[in-house]
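Residue numbers (my numbering): 15 to 716. Below is one structure, written out as structure tokens; comments come after it.
In structure tokens form, the structure reads like this:
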């Protein structure tokens, strides 16, 4: 034990002695690196620089990872890589959507002044920097700080190309960092000329055109090799803001921008003031694109989205298609006239600035679509994208479910009295109660308490389910106020839903495309002309609903929608605080839904569905039913005046081919209606009272 104790003590002593000697040797070695005085200052600076450099390298690597991911796939953005030509229902071209692109012209074949105009405005040091123009970026930051709207941006051409090829258009600091890394990557992998060629081919130039070649053809009707200096300056001015400076949108702004480009060319030393004088005096003039501006653009936007769905489903290899649609340009003009004139004449009085309309035939084919009052000012499609509360126009689902589930008839009675669900007690529009009323009278007067009572009897979930089966696609919460139209719906979906009643209770989704083919005629898609349709409502329910909706027009809230000589049925709708106003209805020929409101949701001045929406609906239907055969509505006791048709030889009968009806402008249709009214007045004035009932003819017969 003593020996073991001695060994342990000596071992510990030797260990600590050895550790001390090792530390002393380490100090001796490190003393070589000991500095003092001015040397120590530089050493500290250098060591800190290495430390921060290492931290920065790690941070830069982390920031560059998204850029590595963007380039790893080797694929560029494919934004809008389809080109579609649209035809109306009769085969006439009505517009185009998608890209116009052409990369067939080599950089060396492009005009020298187009290249110089672009470089002088977008990136004067393009051939000198490594992808990021540090000087230009600092200058742009200084100009922005001073409030100077410079005509030359801070992003280099390489950075702009990186955004076009790999990134979205969002404006965030993260995107700018990734853009800078991608710009450096492009400079490493491509020559300057290759980058400039890609930029000229990929940049968006407005009007659906990508690249200067397509833009030169679209704006000036020329090959890019044939444009002059003034036209080159106008094209170069589009890179910064193509939608703002496009000559077919704002020619004055485009010419002003082109003049600044010419000044940049002089400032950069590419041309002298004398050489650009002629271009200043004779600015570029684009070709006329009035026909494009008058196209049914809201409809074309929707039809283009529907076309892309079909293309993606069929996975066709072609990028160029011809699509035949259901649109009727005559009815489209009637719808636009009805909406714009009603807003123009009465919008200020009711503090309402926007409206939308969708018109279909009774089979669901969209004949007209108006997504707003001015497509040039706002391309937001209020008929498709926007969802609003329908108010009492939703009550068709409530009454239809009650008739289906409870077996009710229009003549059945119900008590209009106070009703509460928990602490919620809805009131009628006039804040009074009618007592015992028929269902037909309750719907005509749009009694809220009756609709809520029916929803309690049927349950609210079945009502919501029926509304979705009939055509409403947006999801919405099933709340206790559902019967009063507290749901999110689009104008298109409301038209589809009412079309079920117009089509004898069969499911009738709205559609706008009947045929799609490639440019060489290869068939891609063709709609079934006689599709099998699911029955959603019984004929008894449809007849009862149509009869009650007729009462809304003849003696209820929709009287302003009545068209003399036409069996009109429909329902108005008004939301709380008067934010939205609707009128939805149909005849034997057409179904239409109309919405009025404001984009910022501010309330109107007591606008109801029975005023401007019903008036616009009536104006359109009056136009649309001139010079056509008036068809009856199932369940409505109304016999329209029929046009006399001479008997034809059965042997000479041929298959009916769709033909364009005589085109009447809204003004001409209005004059015909006024003239018919004058004729009727003169006939009544010249006919004895006892014989007036026998006076034939009506405005519907014209």
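The beta-carbon is built from N, C-alpha and C at its ideal position, and this holds for glycine as well.
Please state if the CB of residue 240 and the CB of residue 225 are separated by a distance shorter than 8 Å.
Looking up residue 225 in the chain shown gives position 211. Looking up residue 240 in the chain shown gives position 226. No. Outside cutoff.
Under 8 Å, with one C-beta from each stretch per pair, do the region 396–414 and the region 329–341 reach the 3-pair mark?
no
Decide if residue 363 is buried, meaning its Cβ has at least 16 other Cβ atoms within 10 Å, or exposed.
What you label residue 363 is simply residue 349 of the chain shown in a count that begins at 1. With fewer than 16 Cβ atoms within 10 Å of its Cβ, residue 363 is classed as exposed.
Using the Cα positions of residue 530 and residue 327, report the straight-line distance between them to the nearest angstrom.
Position 516 of the chain shown, counted from the start, is the residue given in the question as residue 530. Position 313 of the chain shown, counted from the start, is the residue given in the question as residue 327. Cα to Cα, residue 530 sits roughly 13 Å from residue 327.
What residue range is occupied by the uninterrupted alpha helix (DSSP H) comprising residue 11?
A question about residue 11 goes unanswered here, because the residues of the chain that appear run from 15 up to 716.
For residue 616, does the count of other Cβ atoms within 10 angstroms reach 16, so buried, or fall short, so exposed?
If you number the chain shown from 1, residue 616 lands on position 602. Answer is exposed; the Cβ neighbour count stays below 16.
Do the region 312–326 and the region 593–612 meet, that is, are 3 or more Cβ pairs less than 8 Å apart?
no
I want to know whether the region 554–570 touches the region 508–517 - three or more CB-CB distances under 8 Å.
yes
Buried versus exposed, by CB contacts within 10 Å (16 or more), residue 203:
In the chain shown, the residue the question calls residue 203 occupies position 189. When all chains shown are included, residue 203 counts as exposed.
Shortest alpha-carbon distance to residue 574 belongs to which of 628, 539, 473, 611?
Sequence index remark: in the chain shown, residue 574 carries index 560 (1-based). Looking at the Cα atoms, 628 is the closest of the given residues.
Beta strand (DSSP E) segments (min. 3 residues) lying fully within the region 433–501:
449–452
Residues near residue 450 by beta carbon distance below 6 Å, same chain, minus five either side:
As a first step, residue 450 is located in the chain shown; it is residue number 436 there, counting from the start. Contacts found: 427, 429.
So, at 6 Å on beta carbons, what are the nonlocal neighbours of residue 645 in its own chain, with the 5 sequence-adjacent residues on each side left out?
Taking the chain shown and counting its residues from 1, one reaches residue 645 at position 631. These residues qualify, in order along the chain: 602, 603.
Under three-state DSSP, which class holds residue 241?
The residue given as residue 241 occupies position 227 in the chain shown. Three-state DSSP puts residue 241 in coil, outside helix and strand.
With respect to the beta strand (DSSP E) encompassing residue 377, which residues constitute its N-terminal and C-terminal limits?
As a position in the chain shown, residue 377 is number 363, starting the count at 1. Where residue 377 is concerned, there is no enclosing beta strand (DSSP E), given that its DSSP letter is neither H nor E.
Could you give the residue range of the alpha helix (DSSP H) that holds residue 177?
Within the chain shown, the letter at position 163 stands for residue 177. Residue 177 -> alpha helix (DSSP H) spans 171–180.
Can you pull the DSSP bridge partners for residue 101?
Translated into positions along the chain shown, residue 101 becomes position 87. Answer by DSSP bridge pairing, in chain order: 107, 338.
From what residue to what residue does the beta strand (DSSP E) around residue 532 run?
Counting from one through the chain shown, the residue named residue 532 turns up at place 518. Here the beta strand (DSSP E) through residue 532 covers 527–532.
Considering only the beta carbon of each residue, do residue 246 and residue 127 sit closer than 8 Å?
Locating residue 246 in the chain shown gives position 232, where the first residue counts as 1. Locating residue 127 in the chain shown gives position 113, where the first residue counts as 1. In contact: residue 246 and residue 127 (Cβ atoms closer than 8 Å).
For residue 549, which residues of its own chain have a beta-carbon under 7 Å away from its beta-carbon, when the five flanking residues on both sides are left out?
Taking the chain shown and counting its residues from 1, the one referred to as residue 549 is at position 535. Correct list, in chain order: 519, 520.
Which first and last residues belong to the beta strand (DSSP E) in which residue 587 is found?
Taking the first residue of the chain shown as 1, we reach residue 587 at position 573. Segment 583–588, the beta strand (DSSP E) holding residue 587.
For residue 178, does the count of other Cβ atoms within 10 angstroms reach 16, so buried, or fall short, so exposed?
In the chain shown, residue 178 corresponds to position 164, counting from 1. With 16 or more other Cβ atoms within 10 Å, it is buried.
Comparing the C-beta of residue 589 with each C-beta of chain B, is any distance below 8 Å?
Protein chains in the displayed structure number just one, and chain B is not present.
When DSSP labels each residue in this structure, what does residue 537 get in the three-state scheme?
Against the chain shown, residue 537 aligns to sequence position 523. Reduced to three states, the DSSP call for residue 537 is strand.
Rounded C-alpha distance that separates residue 174 from residue 147
The residue you call residue 174 lines up with position 160 of the chain shown. The residue you call residue 147 lines up with position 133 of the chain shown. Approximately 12 Å between the Cα atoms of the pair.
Of the choices 423, 494, 456, whose alpha-carbon is the least far from that of residue 437?
The residue given as residue 437 occupies position 423 in the chain shown. It is 494 whose Cα lies nearest to the Cα of residue 437.
In angstroms, rounded to a whole number, what distance separates the CA positions of residue 610 and residue 499?
Taking the chain shown and counting its residues from 1, one reaches residue 610 at position 596. Taking the chain shown and counting its residues from 1, one reaches residue 499 at position 485. Those two C-alpha atoms are separated by around 16 Å.
Going by C-alpha distance, which of 447, 329, 348 is nearest residue 633?
By one-based count along the chain shown, residue 633 stands at place 619. Answer by Cα proximity: 348.
Residue from 435, 380, 454 whose Cα sits closest to the Cα of residue 566:
The count along the chain shown starts at 1 and reaches residue 566 at position 552. That would be 454, whose Cα lies nearest to the Cα of residue 566.
Contact defined as beta carbons within less than 8 Å: I believe residue 200 pairs with residue 209. What is the distance between those atoms, to the nearest angstrom?
Here residue 200 refers to the residue found at position 186 when the chain shown is read from its first residue. Here residue 209 refers to the residue found at position 195 when the chain shown is read from its first residue. Confirmed, about 6 Å.
Member of 476, 583, 314 whose CA lies at the smallest distance from the CA of residue 652
Position 638 of the chain shown, counted from the start, is the residue given in the question as residue 652. Closest by alpha carbon: 583.
Exposed or buried, residue 234, counting other C-beta atoms within 10 Å across all chains shown (16 or more means buried)?
Counted from its first residue, the chain shown places residue 234 at position 220. With 16 or more other Cβ atoms within 10 Å, it is buried.
Taking the C-alpha atoms as reference points, what is the distance between residue 420 and residue 366?
Working through the chain shown from its first residue, we reach residue 420 at position 406. Working through the chain shown from its first residue, we reach residue 366 at position 352. Going from the Cα of residue 420 to the Cα of residue 366 covers about 40 Å.
Residue 223 by DSSP, collapsed to three states: which one?
For the purposes of this step, residue 223 is taken as residue 209 along the chain shown, with counting starting at 1. It is a strand residue.
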